[in-house]
Amino acid sequence: MAELDSRLSYVLYYFILPAVVVYLVAVYVFGITRHKLHHLMHGFIGNWMHRKLFLEVKKILFQGMQDLKEKAQRDLDVLEIGVGGGENFKFYPKGTNLTCLDPHSHPHREAQFKKHLEECGDHVKVVGFVKNFAEDMSDIKDNTFDAVVCTVCHGGTFFFLEHVAGKKGTFIRRLQNLLQLIRPADKGNINRETWSFLDQSNFSQVQYEHYTAKTWFFFFMKPCLYGTAVK
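Last residue of the sequence shown? That's 760 in our numbering, and every number before it is there in order.
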(Lines of atoms letter the chains of each structure in order from A and count residues from 1; the text may use other names and numbers.)
(Lines give C-alpha, C1' and ligand atoms only; values in the text may rest on other atoms or scores of the structure.)
Protein backbone atom coordinates (compact mmCIF):
# COMPACT_ATOMS: atom_id res chain seq x y z
CA MET A 1 0.00 0.00 0.00
CA ALA A 2 2.85 2.34 0.86
CA GLU A 3 4.50 1.61 -2.50
CA LEU A 4 1.24 2.37 -4.31
CA ASP A 5 0.82 5.65 -2.40
CA SER A 6 4.37 6.59 -3.33
CA ARG A 7 3.75 5.95 -7.02
CA LEU A 8 0.47 7.88 -6.98
CA SER A 9 2.21 10.82 -5.29
CA TYR A 10 4.91 10.74 -7.97
CA VAL A 11 2.31 10.81 -10.74
CA LEU A 12 0.40 13.61 -9.01
CA TYR A 13 3.38 15.91 -8.46
CA TYR A 14 5.35 15.25 -11.66
CA PHE A 15 2.58 14.72 -14.23
CA ILE A 16 -0.89 15.85 -13.18
CA LEU A 17 -0.05 19.08 -11.32
CA PRO A 18 2.35 20.38 -14.04
CA ALA A 19 -0.31 19.65 -16.67
CA VAL A 20 -2.90 21.59 -14.66
CA VAL A 21 -0.51 24.54 -14.24
CA VAL A 22 0.28 24.63 -17.98
CA TYR A 23 -3.42 24.53 -18.77
CA LEU A 24 -4.28 27.39 -16.40
CA VAL A 25 -1.42 29.57 -17.65
CA ALA A 26 -2.32 28.96 -21.30
CA VAL A 27 -6.00 29.79 -20.77
CA TYR A 28 -5.90 32.59 -18.21
CA VAL A 29 -2.51 34.23 -18.89
CA PHE A 30 -2.05 33.85 -22.64
CA GLY A 31 -5.76 33.82 -23.46
CA ILE A 32 -5.71 30.65 -25.52
CA THR A 33 -9.25 29.35 -25.89
CA ARG A 34 -10.02 25.98 -24.38
CA HIS A 35 -11.16 24.70 -27.77
CA LYS A 36 -7.87 25.65 -29.44
CA LEU A 37 -5.81 24.34 -26.53
CA HIS A 38 -7.69 21.06 -26.66
CA HIS A 39 -6.83 20.57 -30.33
CA LEU A 40 -3.20 21.62 -29.84
CA MET A 41 -2.77 19.11 -27.02
CA HIS A 42 -4.64 16.42 -28.97
CA GLY A 43 -2.34 17.01 -31.94
CA PHE A 44 0.78 16.92 -29.77
CA ILE A 45 -0.23 13.73 -28.00
CA GLY A 46 -1.30 12.12 -31.27
CA ASN A 47 2.00 12.92 -33.00
CA TRP A 48 3.95 11.69 -29.98
CA MET A 49 2.00 8.43 -29.87
CA HIS A 50 2.59 7.72 -33.56
CA ARG A 51 6.28 8.56 -33.27
CA LYS A 52 7.17 6.92 -29.96
CA LEU A 53 4.60 4.20 -29.34
CA PHE A 54 3.64 2.88 -32.76
CA LEU A 55 6.28 3.71 -35.39
CA GLU A 56 8.32 0.49 -35.44
CA VAL A 57 5.30 -1.77 -34.98
CA LYS A 58 3.41 0.04 -37.76
CA LYS A 59 6.21 -0.79 -40.19
CA ILE A 60 5.65 -4.48 -39.40
CA LEU A 61 1.86 -4.27 -39.38
CA PHE A 62 1.51 -2.36 -42.64
CA GLN A 63 3.80 -4.78 -44.48
CA GLY A 64 0.62 -6.82 -44.80
CA MET A 65 -0.74 -4.09 -47.06
CA GLN A 66 2.09 -4.64 -49.52
CA ASP A 67 1.43 -8.39 -49.42
CA LEU A 68 -2.26 -7.78 -50.20
CA LYS A 69 -1.38 -5.53 -53.13
CA GLU A 70 1.02 -8.06 -54.62
CA LYS A 71 -1.60 -10.79 -54.30
CA ALA A 72 -4.31 -8.64 -55.91
CA GLN A 73 -1.92 -7.43 -58.68
CA ARG A 74 -3.71 -4.09 -58.85
CA ASP A 75 -4.11 -0.88 -56.88
CA LEU A 76 -5.34 -1.38 -53.33
CA ASP A 77 -8.68 0.07 -52.17
CA VAL A 78 -8.44 0.99 -48.49
CA LEU A 79 -10.80 2.59 -45.99
CA GLU A 80 -9.26 4.36 -43.02
CA ILE A 81 -11.59 5.12 -40.12
CA GLY A 82 -10.42 8.00 -37.97
CA VAL A 83 -7.77 9.27 -40.37
CA GLY A 84 -6.91 12.25 -38.16
CA GLY A 85 -3.97 14.18 -39.58
CA GLY A 86 -2.93 11.43 -41.99
CA GLU A 87 -0.17 9.95 -39.85
CA ASN A 88 -0.56 6.55 -41.55
CA PHE A 89 -0.13 7.78 -45.13
CA LYS A 90 3.58 7.02 -45.27
CA PHE A 91 2.98 3.35 -44.42
CA TYR A 92 0.67 2.60 -47.35
CA PRO A 93 2.15 0.88 -50.43
CA LYS A 94 2.42 2.69 -53.74
CA GLY A 95 -0.86 2.43 -55.61
CA THR A 96 -3.22 2.87 -52.67
CA ASN A 97 -6.66 4.41 -53.31
CA LEU A 98 -7.70 5.69 -49.91
CA THR A 99 -11.16 6.60 -48.64
CA CYS A 100 -11.20 8.42 -45.31
CA LEU A 101 -13.92 8.43 -42.66
CA ASP A 102 -13.55 10.93 -39.82
CA PRO A 103 -16.07 13.01 -37.84
CA HIS A 104 -13.70 15.77 -36.83
CA SER A 105 -12.61 18.87 -38.71
CA HIS A 106 -10.15 21.45 -37.42
CA PRO A 107 -7.63 23.76 -39.20
CA HIS A 108 -4.68 22.15 -37.38
CA ARG A 109 -5.74 18.66 -38.43
CA GLU A 110 -6.47 19.75 -41.99
CA ALA A 111 -3.00 21.28 -42.26
CA GLN A 112 -1.41 18.07 -40.95
CA PHE A 113 -3.53 16.01 -43.36
CA LYS A 114 -2.34 18.03 -46.38
CA LYS A 115 1.27 17.98 -45.16
CA HIS A 116 1.41 14.21 -44.73
CA LEU A 117 -0.34 13.64 -48.07
CA GLU A 118 2.22 15.82 -49.87
CA GLU A 119 5.10 14.04 -48.13
CA CYS A 120 4.04 10.61 -49.40
CA GLY A 121 4.04 11.84 -53.01
CA ASP A 122 1.79 10.10 -55.52
CA HIS A 123 1.85 6.60 -53.97
CA VAL A 124 -1.35 7.36 -52.01
CA LYS A 125 -4.42 8.86 -53.68
CA VAL A 126 -7.29 10.08 -51.51
CA VAL A 127 -10.38 9.22 -53.56
CA GLY A 128 -13.00 10.11 -50.97
CA PHE A 129 -13.50 11.77 -47.60
CA VAL A 130 -16.66 11.14 -45.56
CA LYS A 131 -17.22 13.33 -42.51
CA ASN A 132 -19.08 11.02 -40.14
CA PHE A 133 -18.71 8.60 -37.24
CA ALA A 134 -17.97 4.90 -37.71
CA GLU A 135 -21.42 4.09 -36.31
CA ASP A 136 -22.97 5.60 -39.46
CA MET A 137 -21.29 4.45 -42.66
CA SER A 138 -24.34 4.80 -44.90
CA ASP A 139 -22.23 6.81 -47.35
CA ILE A 140 -19.70 3.97 -47.65
CA LYS A 141 -20.45 1.31 -50.28
CA ASP A 142 -20.52 -2.34 -49.15
CA ASN A 143 -18.06 -4.92 -50.49
CA THR A 144 -15.71 -2.22 -51.72
CA PHE A 145 -12.43 -2.37 -49.82
CA ASP A 146 -9.50 -4.75 -49.73
CA ALA A 147 -8.55 -3.57 -46.25
CA VAL A 148 -9.80 -1.35 -43.47
CA VAL A 149 -7.52 0.48 -41.12
CA CYS A 150 -9.63 0.65 -38.19
CA THR A 151 -16.92 -3.38 -42.60
CA VAL A 152 -14.94 -5.16 -45.00
CA CYS A 153 -15.86 -7.39 -47.91
CA HIS A 154 -15.65 -11.16 -47.34
CA GLY A 155 -12.02 -12.13 -47.03
CA GLY A 156 -10.98 -8.53 -46.40
CA THR A 157 -8.36 -7.78 -43.77
CA PHE A 158 -8.78 -5.47 -40.79
CA PHE A 159 -5.52 -3.96 -39.49
CA PHE A 160 -5.47 -2.63 -35.95
CA LEU A 161 -3.00 -1.03 -33.57
CA GLU A 162 -3.86 0.75 -30.34
CA HIS A 163 -3.01 1.22 -26.70
CA VAL A 164 -5.04 -1.04 -24.42
CA ALA A 165 -5.68 -1.84 -20.77
CA GLY A 166 -2.80 -2.99 -18.63
CA LYS A 167 -2.77 -6.33 -16.83
CA LYS A 168 -5.32 -6.52 -14.02
CA GLY A 169 -3.88 -5.85 -10.59
CA THR A 170 -0.90 -3.80 -11.84
CA PHE A 171 -0.19 -0.19 -10.95
CA ILE A 172 -0.66 0.90 -14.57
CA ARG A 173 -4.12 -0.71 -14.70
CA ARG A 174 -5.16 1.01 -11.45
CA LEU A 175 -3.96 4.34 -12.81
CA GLN A 176 -5.78 3.76 -16.11
CA ASN A 177 -9.00 3.05 -14.22
CA LEU A 178 -8.56 6.26 -12.23
CA LEU A 179 -7.81 8.40 -15.29
CA GLN A 180 -10.73 6.90 -17.17
CA LEU A 181 -13.04 8.34 -14.52
CA ILE A 182 -11.64 11.77 -15.38
CA ARG A 183 -11.99 11.04 -19.11
CA PRO A 184 -8.68 12.68 -20.17
CA ALA A 185 -8.97 11.41 -23.73
CA ASP A 186 -11.21 12.88 -26.42
CA LYS A 187 -14.19 10.65 -25.56
CA GLY A 188 -11.76 7.76 -25.75
CA ASN A 189 -11.05 4.82 -23.49
CA ILE A 190 -7.66 4.04 -21.98
CA ASN A 191 -8.55 0.86 -20.07
CA ARG A 192 -10.40 -1.18 -22.70
CA GLU A 193 -9.52 -4.87 -23.07
CA THR A 194 -9.67 -4.78 -26.87
CA TRP A 195 -8.47 -8.36 -27.25
CA SER A 196 -11.59 -9.70 -25.50
CA PHE A 197 -13.79 -8.11 -28.17
CA LEU A 198 -11.60 -9.62 -30.91
CA ASP A 199 -11.83 -13.07 -29.30
CA GLN A 200 -15.63 -12.82 -29.32
CA SER A 201 -15.89 -11.37 -32.83
CA ASN A 202 -17.16 -13.11 -35.97
CA PHE A 203 -13.89 -12.74 -37.87
CA SER A 204 -12.76 -15.98 -39.49
CA GLN A 205 -9.13 -15.40 -38.49
CA VAL A 206 -7.74 -13.24 -35.70
CA GLN A 207 -4.08 -12.72 -34.90
CA TYR A 208 -2.75 -10.22 -32.38
CA GLU A 209 0.25 -9.52 -30.22
CA HIS A 210 0.58 -7.63 -26.95
CA TYR A 211 3.64 -5.44 -26.60
CA THR A 212 4.94 -2.83 -24.20
CA ALA A 213 5.92 0.53 -25.67
CA LYS A 214 9.35 1.76 -24.64
CA THR A 215 8.48 5.10 -23.07
CA TRP A 216 8.01 6.74 -19.69
CA PHE A 217 6.12 9.73 -21.08
CA PHE A 218 2.40 8.96 -20.70
CA PHE A 219 3.60 5.64 -19.31
CA PHE A 220 0.04 4.52 -18.65
CA MET A 221 -0.22 4.02 -22.43
CA LYS A 222 2.64 1.51 -22.50
CA PRO A 223 0.39 -1.58 -22.93
CA CYS A 224 -0.40 -1.90 -26.66
CA LEU A 225 -1.94 -4.39 -29.06
CA TYR A 226 -1.52 -4.92 -32.80
CA GLY A 227 -2.61 -7.50 -35.34
CA THR A 228 -4.97 -8.45 -38.16
CA ALA A 229 -8.45 -9.92 -38.47
CA VAL A 230 -9.94 -11.48 -41.61
CA LYS A 231 -13.69 -11.38 -42.23
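C-beta atoms are modelled at their ideal positions from N, C-alpha and C, and glycine is treated no differently.
Legend entry - chain B within 7 Å of residue 724, Cβ atoms only: Here there is only one protein chain, and chain B is not present.
Inset, instruction - Alpha carbon to alpha carbon, how far is residue 656 from residue 630? Give it in angstroms, no decimals. - result: Straight across, the Cα-Cα distance linking residue 630 with residue 656 is about 11 Å.
Legend entry - Residues of its chain near residue 607, where Cβ-Cβ distance is below 8 Å and the 5 sequence neighbours each way are ignored: Closer than 8 Å at Cβ, skipping near neighbours: 594, 621, 625, 626, 627, 628, 674, 675, 676, 677, 678.
Inset, instruction - Please classify residue 610: does DSSP put it in a helix, a strand, or coil? - result: Residue 610 falls in the strand class under three-state DSSP.
Legend entry - Buried versus exposed call for residue 525 [16 or more other C-beta atoms within 10 Å across all chains shown]: Absent from the structure is residue 525, since the part of the chain shown begins at 530 and ends at 760.
Inset, instruction - Quick one: residues in its chain with C-beta nearer than 6 Å to the C-beta of residue 653, no 5 flanking neighbours on either side, listed in chain order? - result: Closer than 6 Å at the Cβ level, and outside the excluded window around residue 653, lie 618, 621, 625, 627.
Inset, instruction - Please name the residue, chosen from 731, 689, 708, that lies closest to residue 588 on a Cα-to-Cα basis. - result: Minimum Cα distance to residue 588 is reached at 689.
Legend entry - Opposing strand residues paired with residue 626 [DSSP bridges]: Per DSSP, 606, 654.
Legend entry - Within 7 Å, strictly: CB atoms of residue 684 and residue 642: Going by C-beta atoms, residue 684 is not nearer than 7 Å to residue 642.
Inset, instruction - Ignore the nearest five residues each way along the sequence and tell me which others in residue 668's own chain have a CB closer than 7 Å to its CB. - result: Taken in chain order, the residues that qualify are 659, 661.
Legend entry - Cα-Cα separation between residue 646 and residue 698, rounded to whole angstroms: The alpha-carbon of residue 646 is positioned some 42 Å away from that of residue 698.
Inset, instruction - Have a look at the DSSP bridge pairing and note the partners of residue 738. - result: Per DSSP, 755.
Legend entry - Simplified DSSP assignment, three categories, for residue 633: Coil.
Inset, instruction - Write down the C-beta distance between residue 719 and residue 739 rounded to the nearest angstrom, noting that I regard them as a contact closer than 8 Å. - result: Going by Cβ atoms, the distance from residue 719 to residue 739 rounds to 16 Å, so no, they are not a contact pair.
Inset, instruction - Would you mind working out which of 583, 729, 666, 747 sits nearest residue 610, comparing C-alpha positions? - result: Minimum Cα distance to residue 610 is reached at 666.
Legend entry - Cα-Cα separation between residue 649 and residue 638, rounded to whole angstroms: Answer to the nearest angstrom: the Cα atoms are 17 Å apart.
Legend entry - Extent of the continuous alpha helix (DSSP H) to which residue 694 belongs: Counted as a single uninterrupted DSSP element, the stretch harbouring residue 694 is not any alpha helix (DSSP H), since DSSP gives it neither H nor E.
Legend entry - For residue 694 and residue 707, the rounded distance between their alpha carbons: Note on geometry: alpha-carbon atoms of residue 707 and residue 694 lie some 12 Å from one another.
Legend entry - Rounded separation between residue 724 and residue 603 - CA only: Each residue's alpha carbon lies about 32 Å from the other.
Legend entry - Helix, strand or coil at residue 663 according to DSSP, with G and I counted as helix: If DSSP states are grouped into helix, strand and coil, residue 663 belongs with coil.
Legend entry - residue 756 versus residue 651 - alpha carbon distance: Using only the alpha carbons, I get a separation of about 27 Å.
Legend entry - Residue interval of the alpha helix (DSSP H) (run including residue 729): Here residue 729 belongs to no alpha helix (DSSP H), and DSSP marks it neither H nor E.
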